[in-house]
Amino acid sequence: MRRLLPVVLLTVASSLAAQSTPSPANWQWRLDANAALVNGTKTPPSDSGWFFVDMAPGWHVTMGPGGFLYDPANSASGRFAVQAEMILFPSKTNDEFGLFIGGAADPAGGERVSWLVVRRDGQAAVFSSRSGQYSVIRDWAAVDGVKPLAADGNVRTVVRVLAEPDSVRFFVDGARVGAWARETLPVDGVYGFRIGRGANLHITNLDFTRRHAPYPSRR
């Protein structure tokens with residue numbers, strides 16, 4: 001569910017940005033372009049700098065270039081669900097934010113990863129990459145039941161990925177974005193956040209669920 005949140009959250013985030021704060025322990029990132037962390041400086045995030053800190057509950061991030069953010073200890077395989085609650089602050093950017101799964105170094109060279117992302121205009125997309133080969137699994141399009149985000153308010157969005165033995169299913173605010181055969185895209189591996197250029201977010205949680213119940217066989 002998307003809900004407008006009080007402006008006080010934006011004020012708290014701004015005050016934290018001015019403090020000297022290290023990036024979250026053990027987290028790593030792969031950015032779309034070179035940029036320096038500007039945590040604890042008076043330099044605002046830009047194409048050459050970005051901001052990423054712990055902010056209980058969760059984290060606050062303001063991107064310069066886009067990138068993938070992750071703790072390498074967070075890995076999933078088999079049947080699982082990954083979910084994040086993300087609060088997008090007002091900005092002029094329409095860049096994406098969401099989750100990635102299946103992150104790993106590819107034995108054939110390069111990396112492999114899949115990601116679900118949504119934009120302020122309410123459209124969502126799914127992409128993957130294997131050994132430098134980029135694939136559009138679902139191009140940007142509207143999702144039934146998902147409305148555009150308000151341009152002048154803080155809005156909460158929940159993104160979820162559900163991996164089953166035969167398929168991977170993607171959701172935004174409970175609305176199904178799509179489902180694809182598991183072999184279509186990378187699934188097992190590190191999971192984390194995919195956030196686009198200039199996006200300003202508070203992320204309240206990143207939840208992983210191992211699904212143990214028997215899965216119905218096809219008849």
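By the count of the numbering used here, the sequence shown reaches residue 219 at its end, each step adding exactly one.
Just so it is clear, CB atoms sit at the ideal spot from N, CA and C, and this is done for glycine as well.
Keep in mind it's a predicted model, so treat the numbers as computed, not measured.
- CA-CA distance, Ser135 to Asp95, rounds to 18 Å.
- Assigned with DSSP and collapsed to three states, Glu85 falls in strand.
- Exposure of Tyr215 is indicated by the presence of fewer than 16 other C-beta atoms within 10 angstroms of its C-beta.
- The closest CA to that of Arg194, considering only Arg130, Val117 and Leu37, is found on Val117.
- Straight through space, the alpha carbons of Thr41 and Pro22 are spaced by roughly 11 Å.
- Going by DSSP, Ala73 is part of the beta strand (DSSP E) stretching over Gly67 to Ala76.
- By the neighbour-count criterion, in which 16 or more other beta carbons inside 10 Å mark a residue as buried, Gln133 falls on the exposed side.
- Taking all protein chains in view, the Cβ of Gln28 is surrounded by fewer than 16 other Cβ atoms within 10 Å, so the residue is classified as exposed.
- In terms of Cα proximity to Asp144, the closest of Arg130, Asn205, Arg176 and Val159 is Arg176.
- When the five nearest sequence neighbours on each side are left out, the beta carbons in the same chain lying within less than 7 Å of the beta carbon of Glu164 are those of Arg79 and Tyr215, in order along the chain.
- A contact between stretches requires three or more CB pairs, one per stretch, nearer than 8 Å, and the region 202–209 meets this requirement with the region 68–86.
- Around the beta carbon of Ala124, 16 or more other beta carbons sit within 10 angstroms, so the residue counts as buried.
- Fully enclosed beta strand (DSSP E) runs of no fewer than 3 residues occupy 80–88, 97–105, 111–118, 123–130 and 133–142 of the region 80–151, in order along the chain.
- Sixteen is the threshold: since fewer than 16 other Cβ atoms of the shown chains lie within 10 Å of the Cβ of Gly174, the residue is exposed.
- The Cβ neighbour count for His212, taken over all protein chains shown within 10 Å, is under 16; the residue is labelled exposed.
- Thr21 sits in coil when the DSSP states are folded into three classes, being neither helix nor strand.
- Looking at the DSSP output, His60 shares a beta bridge with Val53 and His202.
- Contact between Ile101 and Thr204 is ruled out by a C-beta separation of about 19 Å, above the 8 Å threshold.
- The three-state reading of DSSP puts Thr157 in strand, counting E and B together.
- A Cβ-Cβ separation of about 23 Å leaves Val155 out of contact with Leu162 under the 8 Å criterion.
- For Val172, the enclosing beta strand (DSSP E) covers residues Ser167 to Val172.
- Taken through DSSP and simplified to helix, strand or coil, Thr43 comes out as coil.
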